[in-house]
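Visitor:
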Amino acid sequence: MSEEPRDVFKLSCDWLSVQEVVDAVNSSSCGAVSVFIGTTREDQVEGRKVIGLEYEAYELMAKSEFSRLCDDIRARWPIVKHICVHHRLGWVKVGEASVVMAISSPHRDDGQQAIQHGISQLKATMPIWKKEVYDSQDADWKENAECSWSTHGEK
Amino acid sequence: MSEEPRDVFKLSCDWLSVQEVVDAVNSSSCGAVSVFIGTTREDQVEGRKVIGLEYEAYELMAKSEFSRLCDDIRARWPIVKHICVHHRLGWVKVGEASVVMAISSPHRDDGQQAIQHGISQLKATMPIWKKEVYDSQDADWKENAECSWSTHGEK
Amino acid sequence: SFMTAQVLVLYFAKSAELTGRKEEELPDVPTPISSGDLWRLLLRRHPRLSALQHHVVLAVRQQYVAVGDQVVTLADGDEVAVVPPLSGG
Amino acid sequence: SFMTAQVLVLYFAKSAELTGRKEEELPDVPTPISSGDLWRLLLRRHPRLSALQHHVVLAVRQQYVAVGDQVVTLADGDEVAVVPPLSGG
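Line by line, the protein sequences give chains A, B, C and D.
So the mapping is simple: my numbering equals the position in the first sequence, first residue as 1, plus 14.
So the mapping is simple: my numbering equals the position in the second sequence, first residue as 1, plus 14.
So the mapping is simple: my numbering equals the position in the third sequence, first residue as 1, plus 16.
So the mapping is simple: my numbering equals the position in the fourth sequence, first residue as 1, plus 16.
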């Protein structure tokens with residue numbers, strides 16, 4: 015019942031296991047695990063077909079931003095138990111998960127709100143970038159609308 | 015891109031695989047998969063310790079209520095792609111998942127809202143019951159607050 | 017003239033414990049019948065079901081029907097279920 | 017008298033493409049320095065970085081710093097990163 019809250023973060027060049035992320039937040043004091051999985055959509059951009067994404071991160075800073083993100087979540091939803099994020103790096107094919115986030119909480123409402131906030135904050139603050147790669151061989155750096163200095167961001 | 019929406023429902027006496035539920039909603043047109051996992055909490059009720067839950071269902075009706083639930087979700091969030099629920103029956107030990115729900119959607123906001131609504135509706139309408147079993151050998155039938163005819167329900 | 021139907025009554029959860037059975041055939045249920053009268057008919061067979069009073073609904077042919085004035089028409093072979101408060105999830 | 021520090025500059029995503037490098041040592045960065053002046057110093061070294069103008073922040077010792085009036089103090093070995101718009105998730 016009194017286990018310490020865990021914040022688990024992993025950057026990985028391998029396929030992400032949803033089960034592994036879910037297991038990382040498992041707690042016998044929690045009735046609810048909320049999970050979000052972000053994947054690459056099959057998409058056409060100006061007639062070019064997206065075949066995958068290339069991710070990179072400022073790894074050490076990403077780890078410290080994750081701690082900050084967890085502190086923020088716990089300040090808003092003190093009841094949240096464990097938080098785990100696995101994020102892909104390098105080449106990610108269309109359809110594969112690029113991020114999996116899971117949060118355990120005694121009741122589901124807190125966890126559901128926390129994960130919505132958590133994913134928005136992750137997109138706004140984690141020093142991670144992706145380039146969309148097209149079948150035409152070229153590529154574009156993406157920008158999250160949640161990032162305050164993006165060209166389409168909320169200032 | 016134009017694949018038909020899938021509604022997948024399974025009642026199972028076996029351990030639930032989160033990965034299987036996530037895979038069931040996988041879609042190359044979707045960037046977001048929202049998942050909820052409900053588990054049995056370790057709990058003390060009047061000095062007795064919960065050791066597990068015993069589930070039963072009105073199976074055929076549960077299937078038709080699931081279709082109804084999916085129709086309701088799609089009416090509210092037409093953008094939702096696939097919906098999958100796996101629900102345990104029989105004996106479920108403390109800490110094991112009793113329900114896993116996953117929804118895929120092109121963008122995450124719809125999916126997150128849809129899954130919150132979906133879990134509430136599932137608890138309000140699916141003809142499934144659980145009995146909390148204690149280390150003292152006795153057991154109590156539980157009631158969801160979401161069920162309109164429960165003794166603590168919203169009328 | 018009034019009609020009767022032979023229906024299959026299903027008991028779930030606490031109602032199965034109170035009646036000591038999961039299902040039974042009722043050969044002579046009047047039809048049409050209000051859901052309130054149908055519930056009272058079941059109560060007469062199994063007085064212990066009164067423990068569920070005010071916190072139970074029926075399902076007729078797998079559709080929820082509140083216990084009250086609503087009239088249902090039954091046919092031979094129809095399923096009627098006693099549905100205590102739900103606790104799935 | 018003014019001081020200088022030797023800092024390690026990290027370039028990510030589009031800034032790495034524009035500069036053609038992932039990192040470089042800058043041996044003589046004045047300190048204290050406003051983040052705006054620090055950015056202009058990097059711009060002079062790599063004029064193509066102007067493609068990011070108004071849509072970039074810096075990270076000094078792994079803390080975000082908007083490009084503007086804020087004054088930062090640098091020490092030898094400090095990390096300064098050029099941070100184009102984020103796109104994680």
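The beta-carbon is built from N, C-alpha and C at its ideal position, and this holds for glycine as well.
On a predicted model such as this, the values are computed, not experimentally measured, just so you know.
In its own chain, which residues sit with a C-beta less than 7 Å from the C-beta of Arg77(C), not counting the 5 before and 5 after it?
Guide: In the third sequence, counting from the first residue as 1, residue 77(C) sits at position 61. Excluding residues within five positions, the ones whose Cβ falls inside 7 Å are Asp94 and Glu95.
Visitor: Take Glu157(A) as the anchor and find which of Val147(A), Gln151(A), Tyr148(A) and Lys137(A) has the nearest alpha-carbon.
Guide: Taking the first residue of the first sequence as 1, we reach residue 157(A) at position 143. Closest option to Glu157(A), Cα to Cα, is Lys137(A).
Visitor: Give the secondary structure of Ser26(A) by DSSP, where H, G and I count as helix, E and B as strand, and everything else as coil.
Guide: Counted from its first residue, the first sequence places residue 26(A) at position 12. Three-state result, Ser26(A): strand.
Visitor: Would Thr211(A) pass as an interface residue toward chain D - the criterion being a Cβ-Cβ separation below 7 Å?
Guide: Chain A is shown only over 15 to 169; residue 211(A) falls outside these bounds and no answer can be derived.
Visitor: How should Thr139(B) be labelled, buried or exposed, when 16 other C-beta atoms within 10 angstroms of its C-beta is the threshold for buried?
Guide: For the purposes of this step, residue 139(B) is identified with residue 125 of the second sequence, where counting begins at 1. Looking at its Cβ environment, which holds 16 or more other Cβ atoms inside 10 Å, Thr139(B) is buried.
Visitor: Return the residues of the segment 100-132 of chain A that lie within a Cβ-Cβ distance of less than 8 Å from chain D, sorted by chain order.
Guide: Cβ contacts with chain D: His101, Ser112 and Val113.
Visitor: State yes or no: is the C-beta of Asp92(D) within less than 7 Å of the C-beta of Ser50(D)?
Guide: For the purposes of this step, residue 92(D) is taken as the residue at position 76 of the fourth sequence. For the purposes of this step, residue 50(D) is taken as the residue at position 34 of the fourth sequence. No, Cβ-Cβ distance for Asp92(D) and Ser50(D) is not below 7 Å.
Visitor: List the DSSP bridge partners of Val114(B).
Guide: As a first step, residue 114(B) is located in the second sequence; it is residue number 100 there, counting from the start. Ile51(B) and His100(B), per the DSSP bridge assignment.
Visitor: Could you name the residues of the segment 67-91 of chain D whose beta carbon sits closer than 7 Å to any beta carbon of chain A, in the order they occur along the chain?
Guide: Under the 7 Å Cβ criterion, the segment 67-91 of chain D contributes His71, Val72, Val73, Ala75 and Gln78.
Visitor: Could you check how far apart the C-beta atoms of Leu74(C) and Val99(C) are, in whole angstroms? I think they sit under 8 Å.
Guide: Walking along the third sequence from the start, residue 74(C) turns up at place 58. Walking along the third sequence from the start, residue 99(C) turns up at place 83. Indeed, because the Cβ distance is near 6 Å, the residues count as touching under 8 Å.
Visitor: Quick one: is Lys63(A) buried, meaning 16 or more other Cβ sit within 10 Å of its Cβ, or exposed?
Guide: Translated into the one-based positions of the first sequence, residue 63(A) becomes position 49. Lys63(A) should be labelled exposed.
Visitor: Taking only the alpha-carbon atoms, compute the straight-line gap between Leu54(D) and Arg61(D) and give it to the nearest angstrom.
Guide: As a working note, residue 54(D) is residue 38 in the fourth sequence. As a working note, residue 61(D) is residue 45 in the fourth sequence. So the alpha carbons of these two residues sit roughly 11 Å apart.
Visitor: Checking contacts by CB at 7 Å: is Ser164(A) closer than that to chain D?
Guide: On the first sequence, position 150 is the one that residue 164(A) refers to. For Ser164(A), the answer is yes, since a Cβ of chain D falls inside 7 Å of its Cβ.
Visitor: Buried or exposed: which applies to Gly61(A), given that a residue is buried once 16 or more other Cβ atoms fall within 10 Å of its Cβ?
Guide: The residue given as residue 61(A) occupies position 47 in the first sequence. Result: exposed.
Visitor: Report yes if the CB atom of Leu83(B) is closer than 7 Å to the CB atom of Leu25(B), and no otherwise.
Guide: Walking along the second sequence from the start, residue 83(B) turns up at place 69. Walking along the second sequence from the start, residue 25(B) turns up at place 11. Contact flag unset, no.
Visitor: Contact between the segment 32-47 of chain A and the segment 69-78 of chain A is defined here as three or more beta-carbon pairs at a separation below 8 Å; is this criterion met?
Guide: Cβ pair count under 8 Å is below three, so no.
Visitor: Report all residues from its chain with a CB closer than 6 Å to the CB of Gly52(B); omit the five preceding and five following residues, and keep chain order.
Guide: Along the second sequence, one-based indexing puts residue 52(B) at 38. Counting only Cβ-Cβ distances below 6 Å, and skipping sequence neighbours, we find Ser112 and Val113.
Visitor: Starting from Thr35(C), trace the alpha helix (DSSP H) both ways and give me its first and last residue.
Guide: Taking the third sequence and counting its residues from 1, the one referred to as residue 35(C) is at position 19. Looking at the DSSP string, the run of the alpha helix (DSSP H) that includes Thr35(C) is Ala29 to Thr35.
Visitor: Hey, quick one: how far does the alpha helix (DSSP H) through Ala159(B) stretch, first residue to last?
Guide: The residue labelled residue 159(B) in the question sits at position 145 within the second sequence. Careful: Ala159(B) lies outside any alpha helix (DSSP H) and carries neither H nor E.
Visitor: For Glu56(A), would you say it is in contact with chain D, using Cβ-to-Cβ distances shorter than 7 Å as the test?
Guide: Residue 56(A) sits at position 42 when you count from the first residue of the first sequence. Taking Cβ atoms only, chain D never reaches closer than 7 Å to Glu56(A), which makes this a no.
Visitor: Tell me, to the nearest whole angstrom, how far the beta carbon of Trp163(A) is from that of Val81(D); I am working on the premise that it is less than 8 Å.
Guide: Your numbering for residue 163(A) matches position 149 in the first sequence. Your numbering for residue 81(D) matches position 65 in the fourth sequence. No, Trp163(A) and Val81(D) are not in contact; Cβ-Cβ is about 12 Å, not under 8 Å.
Visitor: Assign Thr54(A) to one of two classes, buried (16 or more other C-beta atoms within 10 Å of its C-beta) or exposed (fewer than that).
Guide: As a position in the first sequence, residue 54(A) is number 40, starting the count at 1. Flag for Thr54(A) reads buried.
Visitor: Answer yes or no: does any C-beta atom of chain B fall closer than 7 Å to that of Lys38(C)?
Guide: The residue labelled residue 38(C) in the question sits at position 22 within the third sequence. Chain B contact via Cβ: absent.
Visitor: Skipping 5 residues on each side, what residues in its chain have a beta carbon closer than 6 Å to that of Asp44(D)?
Guide: By one-based count along the fourth sequence, residue 44(D) stands at place 28. Counting only Cβ-Cβ distances below 6 Å, and skipping sequence neighbours, we find Thr20.
Visitor: Could you give the first and the last residue of the continuous beta strand (DSSP E) run that contains Arg62(B)?
Guide: Numbered from its first residue, the second sequence carries residue 62(B) at position 48. Arg62 to Ala71 is the extent of the beta strand (DSSP E) around Arg62(B).
Visitor: Quick one: list the residues of chain A neighbouring Cys98(B), beta-carbon separation under 8 Å, in chain order.
Guide: In the second sequence, the residue the question calls residue 98(B) occupies position 84. Those do not exist, as Cys98(B) stays about 13 Å from chain A at its closest Cβ, beyond 8 Å.
Visitor: Please list the terminal residues of the continuous beta strand (DSSP E) segment that includes Thr139(B).
Guide: Here residue 139(B) is taken as the residue at index 125 of the second sequence, counted from 1. Per DSSP, Thr139(B) belongs to no beta strand (DSSP E); it is in the alpha helix (DSSP H), Arg122 to Thr139.
Visitor: Would you mind telling me which residues of chain C sit closer than 8 Å to Lys156(B), beta carbon to beta carbon, in chain order?
Guide: For the purposes of this step, residue 156(B) is taken as residue 142 along the second sequence, with counting starting at 1. What Lys156(B) touches in chain C: Ser103.
Visitor: Can you find a C-beta in chain A that's less than 7 Å from the C-beta of Ser78(B)?
Guide: Working through the second sequence from its first residue, we reach residue 78(B) at position 64. False, the Cβ-Cβ gap to chain A never drops below 7 Å.
Visitor: Contact criterion: CB-CB distance below 7 Å. Does Gly66(A) meet it with respect to chain B?
Guide: Walking along the first sequence from the start, residue 66(A) turns up at place 52. Not an interface residue.
Visitor: Given Ile87(A), which residues of its chain have a CB within under 7 Å of its CB, disregarding the five upstream and five downstream residues?
Guide: Here residue 87(A) is taken as the residue at index 73 of the first sequence, counted from 1. If we look at Ile87(A) and ignore the five residues flanking it on each side, its Cβ neighbours are Val94, Ile97, Ala128, His131 and Gly132.
Visitor: May I ask which residues mark the beginning and end of the beta strand (DSSP E) holding Ala97(C)?
Guide: Residue numbering aside, residue 97(C) sits at position 81 when the third sequence is read from its first letter. Its beta strand (DSSP E) spans residues Glu95 to Val99.
Visitor: Decide if Trp29(A) is buried, meaning its Cβ has at least 16 other Cβ atoms within 10 Å, or exposed.
Guide: Counting from one through the first sequence, the residue named residue 29(A) turns up at place 15. The residue is exposed, with fewer than 16 neighbouring Cβ atoms inside 10 Å.
Visitor: Alpha carbon to alpha carbon, what distance is there between Val23(C) and Thr47(C)?
Guide: By one-based count along the third sequence, residue 47(C) stands at place 31. By one-based count along the third sequence, residue 23(C) stands at place 7. Distance between the alpha carbons of Thr47(C) and Val23(C) is about 11 Å.
Visitor: Look up Lys38(D) in the DSSP assignment and say whether it is helix, strand or coil.
Guide: As a first step, residue 38(D) is located in the fourth sequence; it is residue number 22 there, counting from the start. Correct three-state label for Lys38(D): coil.
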